[in-house]
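K.L.:
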Amino acid sequence: MRNWRLRRGITALALALLALPAVPGTALAEPTYPFRDPSLPVNVRVDDLLGRLTQDEKISWLHQYQPAIPRLGIGLFKTGTEALHGVAWSTDIDNNGAVVKARGTAFPQPVGMASTWNTDLIQQVGSAVGDEARGYHAQNPRVWGLNLWAPVVNLLRDPRWGRNEEGYSEDPLLTAKISTAYGSGMTGGDPNHLKSAPTLKHYLAYNNEVRRDVTSSNVPPRVLNEYDRAAFKPAIAAGAATGVMASYNLVNGRPATVDPDPMTVFRDWTDRPLMNVTDAWAPNNLVNTQKYYATQAEGNAAIIKAGLSSFITDDTNAQPTMTAIKQALASGLLTEADIDARIREILNIRFRLGEFDPGGGRHGGITPDVINSPEHQRLARQAAGEAMVLLKNERQALPLDPARTRKVAVLGPLADTLYSDWYGGDLPYQVTALDGIRERLGRLGQCARARRGGPDRAEGRVDRPVRLGHRHHRRRPGPRDRRHPGARRPVRRGRLGAGRGDAAQRRQRPLPRLQLGAVHHP
Numbered sequence: 369m370r371n372w373r374l375r376r377g378i379t380a381l382a383l384a385l386l387a388l389p390a391v392p393g394t395a396l397a398e399p400t401y402p403f404r405d406p407s408l409p410v411n412v413r414v415d416d417l418l419g420r421l422t423q424d425e426k427i428s429w430l431h432q433y434q435p436a437i438p439r440l441g442i443g444l445f446k447t448g449t450e451a452l453h454g455v456a457w458s459t460d461i462d463n464n465g466a467v468v469k470a471r472g473t474a475f476p477q478p479v480g481m482a483s484t485w486n487t488d489l490i491q492q493v494g495s496a497v498g499d500e501a502r503g504y505h506a507q508n509p510r511v512w513g514l515n516l517w518a519p520v521v522n523l524l525r526d527p528r529w530g531r532n533e534e535g536y537s538e539d540p541l542l543t544a545k546i547s548t549a550y551g552s553g554m555t556g557g558d559p560n561h562l563k564s565a566p567t568l569k570h571y572l573a574y575n576n577e578v579r580r581d582v583t584s585s586n587v588p589p590r591v592l593n594e595y596d597r598a599a600f601k602p603a604i605a606a607g608a609a610t611g612v613m614a615s616y617n618l619v620n621g622r623p624a625t626v627d628p629d630p631m632t633v634f635r636d637w638t639d640r641p642l643m644n645v646t647d648a649w650a651p652n653n654l655v656n657t658q659k660y661y662a663t664q665a666e667g668n669a670a671i672i673k674a675g676l677s678s679f680i681t682d683d684t685n686a687q688p689t690m691t692a693i694k695q696a697l698a699s700g701l702l703t704e705a706d707i708d709a710r711i712r713e714i715l716n717i718r719f720r721l722g723e724f725d726p727g728g729g730r731h732g733g734i735t736p737d738v739i740n741s742p743e744h745q746r747l748a749r750q751a752a753g754e755a756m757v758l759l760k761n762e763r764q765a766l767p768l769d770p771a772r773t774r775k776v777a778v779l780g781p782l783a784d785t786l787y788s789d790w791y792g793g794d795l796p797y798q799v800t801a802l803d804g805i806r807e808r809l810g811r812l813g814q815c816a817r818a819r820r821g822g823p824d825r826a827e828g829r830v831d832r833p834v835r836l837g838h839r840h841h842r843r844r845p846g847p848r849d850r851r852h853p854g855a856r857r858p859v860r861r862g863r864l865g866a867g868r869g870d871a872a873q874r875r876q877r878p879l880p881r882l883q884l885g886a887v888h889h890p
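Position one of the sequence shown corresponds to residue 369 (our numbering), numbered consecutively onward.
#1: Work out the CA separation of alanine 648 and proline 435 for me, nearest whole Å.
#2: Just how far apart, CA to CA, sit isoleucine 671 and glutamine 432?
#3: From Asn653, Tyr595, Gly472, Lys694, pick the residue whose C-alpha is nearest to that of histidine 505; which is it?
#4: What's the call for proline 742, buried or exposed, on a 16-neighbour Cβ count within 10 Å?
#5: Go ahead and label alanine 474 buried or exposed: buried means 16 or more other beta carbons lie within 10 angstroms of its beta carbon, across all protein chains shown.
#6: Look at the alpha carbon of histidine 852 and the alpha carbon of proline 781, and state the distance between them as a whole number of angstroms.
#7: When you compare only the Cα positions, how much space is there between asparagine 652 and valine 645?
#8: Taking the C-alpha atoms as reference points, what is the distance between valine 626 and serine 699?
#9: Is the separation between the beta-carbon of aspartate 784 and that of threonine 800 shorter than 7 Å?
#10: By DSSP, does histidine 431 sit in helix, in strand, or in coil?
#11: Going by DSSP, what residues sit across from tryptophan 457 in a beta bridge?
#12: Do three or more CB pairs link the segment 485-501 to the segment 756-766 at distances below 8 Å?
#13: Tell me the rounded alpha-carbon separation between glycine 503 and aspartate 737.
#14: When the Cα of phenylalanine 403 is compared with those of Arg806, Ile805, Pro726, which residue comes out closest?
#15: Is the distance from the Cβ of asparagine 532 to the Cβ of threonine 447 below 7 Å?
#16: Taking the alpha helix (DSSP H) that asparagine 668 belongs to, which residues open and close that run?
#17: Express the C-alpha separation of isoleucine 604 and valine 414 in angstroms, rounding to a whole number.
#18: Count the other CB atoms within 10 Å of the CB of valine 321; is the residue buried (16 or more) or exposed (fewer)?
#19: Exposed or buried, which one is aspartate 499 when buried takes at least 16 other CB atoms within 10 Å?
#20: Taking C-beta to C-beta, are proline 540 and alanine 608 nearer than 7 Å?
#21: Of the residues Asn761, Glu713, Gly732, Gln507, which one's Cα is nearest the Cα of asparagine 411?
#22: Could you tell me the boundaries of the beta strand (DSSP E) in which asparagine 515 lies?
#23: Does the distance from the CB of alanine 466 to the CB of aspartate 460 come in under 7 Å?
#24: Report the three-state DSSP secondary structure of threonine 567 (helix, strand or coil).
#25: Can you tell me whether glutamine 687 is buried or exposed? The criterion is at least 16 other CB atoms within 10 Å of its CB, across all chains shown.
#26: Work out the CA separation of threonine 400 and tyrosine 595 for me, nearest whole Å.
#27: Going by DSSP in three states, lysine 659 sits in which element: helix, strand or coil?
#28: Which of the three DSSP states is assigned to alanine 648 in this structure?
#29: Quick one: what does DSSP say isoleucine 437 is sitting in, helix, strand or coil?
#30: Pick helix, strand or coil for serine 788, following the three-state DSSP scheme.
#31: Could you tell me which of Asn716, Asp405, Lys469, Met756 sits nearest to leucine 795, measuring between CA atoms?
#32: Do the segment 563-581 and the segment 511-527 meet, that is, are 3 or more Cβ pairs less than 8 Å apart?
#33: Tell me whether the beta-carbon of arginine 580 lies closer than 7 Å to the beta-carbon of tyrosine 616.
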């Protein structure tokens, strides 16, 4: 008996010694799981992590705010940071989904980007945006996710539709070239090691604002393939986008939220998994305004089977989404294999972003120092310059030469006005056209602003240096600006809620009567 107790004590001591750290004073390491081994293929890592998740954990990750799983050392992952022409804003789960605006580099609006006809430049712009997204993510990963909702590739067929500030052009080739360049820059150029994960908006045949959740874009097959899909395909095929956002509208009578293209057409465009998302509150539209399904369980099941992985709805509250999905499972509308397929797509993107690699992967070392850096300011200035289109230049008046020209009149209601848009952040500095021309003339020049038929203000010496920058951006007009008949009314932003970048409560203006749902061959 004594020998048995002795052997038992020695065994216990040996096991205890084996469990101690090799270096005195160091903490015990967390368990090393295969999914954290960057030397393994991504698919192997995805399978390993997927097998460790419970069914409830998997279902919870189908909502925009994918909760942390402390037992596996996994933090929160959020889909959706707006980045149309620079990191613009995101939402804060710790503050009921309140909007948090960025104050980083602002690049030209998409129409301006397309006006450069310079894909190399736009790729540099996209890379700068991806860098700043990483910088903000380093500041607060719970607010600033790396899944960026940009670029917008909807085609600008009619200015009355209300969303043309978001897109590049009416031409699918130009739109595809510019969006592919921008997306490629945001990814970092290597689809296997993503700097950020761009999402193309909004699929498909969509750009109207009024009654957008109930209008149907009735598109014949030739227009569908040669025009609307043609704008989306190149970026996805090139690995410059990691998914699409489904649009609010219906296409040929079926809600885009349950369009089967992600499971069919997209498979011919790329062999990489895509993480596709709904627009804000769009899952609820299937039952409420569109009345396409009788219950939310049916609607959510159809969304999952259509190939969408992330439900952007109910702000930060995932419970309604989870409840409806569980009801769909219980009634046989879904299987766990359907859930697993969508979670694999989510995990594939998260792994490629380097989330589970040591130090955050290839791009994990980017710091907030890149935000609005001098290099990015110079790039924004270059993009703004190339975005301008010079139609006439009599007597070589431009470029402005202070040695030849001492007096300049600046005409128009926007001469000294900046506006912001729905997908821009707070401007880190503001320079109007009048400011830039005044600075160019120098201290001895005069710059007069003409208003309502004649100059009403003359500027002489410049007492302070003015930095050239984002003349293409706009701020809300003050009382002075509202006197102009052509001045835009102030936008009313209100509270946008979680992921409401595409459900923002815009101020509706009356539009002429037109067939919003009709799309004709160009």
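Heads up, the beta-carbon is just placed ideally off N, CA and C, and yes, glycines get one too.
P.N.:
Once the coordinates are examined:
#1: In the sequence shown, the residue the question calls residue 435 occupies position 67. In the sequence shown, the residue the question calls residue 648 occupies position 280. If I take the Cα positions, the gap works out to 19 Å.
#2: Along the sequence shown, read from residue 1 onward, the residue named residue 671 stands at position 303. Along the sequence shown, read from residue 1 onward, the residue named residue 432 stands at position 64. For isoleucine 671 and glutamine 432, the distance between alpha carbons rounds to 14 Å.
#3: Taking the first residue of the sequence shown as position 1, residue 505 is located at position 137. Taking only the C-alpha atoms, the option nearest histidine 505 is Gly472.
#4: Taking the first residue of the sequence shown as 1, we reach residue 742 at position 374. Per the 10 Å Cβ criterion, exposed.
#5: Here residue 474 refers to the residue found at position 106 when the sequence shown is read from its first residue. Per the 10 Å Cβ criterion, buried.
#6: Residue mapping note: residue 852 aligns to position 484 of the sequence shown, counting from 1. Residue mapping note: residue 781 aligns to position 413 of the sequence shown, counting from 1. Its pLDDT being 33, under 50, histidine 852 is placed unreliably in this model, and the coordinates cannot settle the point.
#7: One-based indexing of the sequence shown puts residue 652 at position 284. One-based indexing of the sequence shown puts residue 645 at position 277. Approximately 14 Å, taken between the alpha carbons.
#8: Residue 626 sits at position 258 when you count from the first residue of the sequence shown. Residue 699 sits at position 331 when you count from the first residue of the sequence shown. Rounded to the nearest angstrom, the two C-alpha atoms are 19 Å apart.
#9: Translated into the one-based positions of the sequence shown, residue 784 becomes position 416. Translated into the one-based positions of the sequence shown, residue 800 becomes position 432. Going by C-beta atoms, aspartate 784 is nearer than 7 Å to threonine 800.
#10: As a working note, residue 431 is residue 63 in the sequence shown. In the structure shown, histidine 431 sits in a strand (DSSP, three-state: E or B).
#11: In the sequence shown, counting from the first residue as 1, residue 457 sits at position 89. The partner list for tryptophan 457 (beta bridge, DSSP) reads Glu450, Lys469.
#12: no
#13: Against the sequence shown, residue 503 aligns to sequence position 135. Against the sequence shown, residue 737 aligns to sequence position 369. Rounded to the nearest angstrom, the two C-alpha atoms are 7 Å apart.
#14: Locating residue 403 in the sequence shown gives position 35, counting from the first residue. Checking every option, the nearest Cα to that of phenylalanine 403 belongs to Pro726.
#15: Taking the first residue of the sequence shown as 1, we reach residue 532 at position 164. Taking the first residue of the sequence shown as 1, we reach residue 447 at position 79. No, the Cβ-Cβ distance between asparagine 532 and threonine 447 is not below 7 Å.
#16: To locate residue 668, count along the sequence shown from 1; it is residue 300. Residues 664-673.
#17: Within the sequence shown, the letter at position 46 stands for residue 414. Within the sequence shown, the letter at position 236 stands for residue 604. About 22 Å.
#18: Given a span of 369 to 890 for the chain in the structure shown, any question on residue 321 remains unanswerable.
#19: Residue 499 sits at position 131 when you count from the first residue of the sequence shown. Counting Cβ neighbours within 10 Å, aspartate 499 comes out buried, since at least 16 surround it.
#20: By 1-based counting over the sequence shown, the position of residue 540 is 172. By 1-based counting over the sequence shown, the position of residue 608 is 240. Going by C-beta atoms, proline 540 is not nearer than 7 Å to alanine 608.
#21: On the sequence shown, position 43 is the one that residue 411 refers to. The shortest C-alpha separation from asparagine 411 is found at Glu713.
#22: Along the sequence shown, read from residue 1 onward, the residue named residue 515 stands at position 147. Where asparagine 515 is concerned, the enclosing beta strand (DSSP E) stretches over 515-520.
#23: For the purposes of this step, residue 466 is identified with residue 98 of the sequence shown, where counting begins at 1. For the purposes of this step, residue 460 is identified with residue 92 of the sequence shown, where counting begins at 1. Cβ distance < 7 Å, so alanine 466 and aspartate 460 count as in contact.
#24: Start at 1 with the first residue of the sequence shown, and residue 567 comes out as number 199. Residue state, collapsed to three classes: strand.
#25: On the sequence shown, position 319 is the one that residue 687 refers to. When all chains shown are included, glutamine 687 counts as exposed.
#26: One-based indexing of the sequence shown puts residue 595 at position 227. One-based indexing of the sequence shown puts residue 400 at position 32. If you take the alpha carbons of tyrosine 595 and threonine 400, they lie about 49 Å apart.
#27: As a working mapping, residue 659 is identified with position 291 in the sequence shown. The answer is coil: DSSP assigns lysine 659 none of H, G, I, E or B.
#28: To locate residue 648, count along the sequence shown from 1; it is residue 280. Alanine 648 falls in the coil class under three-state DSSP.
#29: By one-based count along the sequence shown, residue 437 stands at place 69. Strand.
#30: By 1-based counting over the sequence shown, the position of residue 788 is 420. If DSSP states are grouped into helix, strand and coil, serine 788 belongs with coil.
#31: Stepping through the sequence shown from its first residue, residue 795 is reached at position 427. Among Asn716, Asp405, Lys469, Met756, the Cα nearest to that of leucine 795 belongs to Lys469.
#32: yes
#33: Walking along the sequence shown from the start, residue 580 turns up at place 212. Walking along the sequence shown from the start, residue 616 turns up at place 248. Yes.
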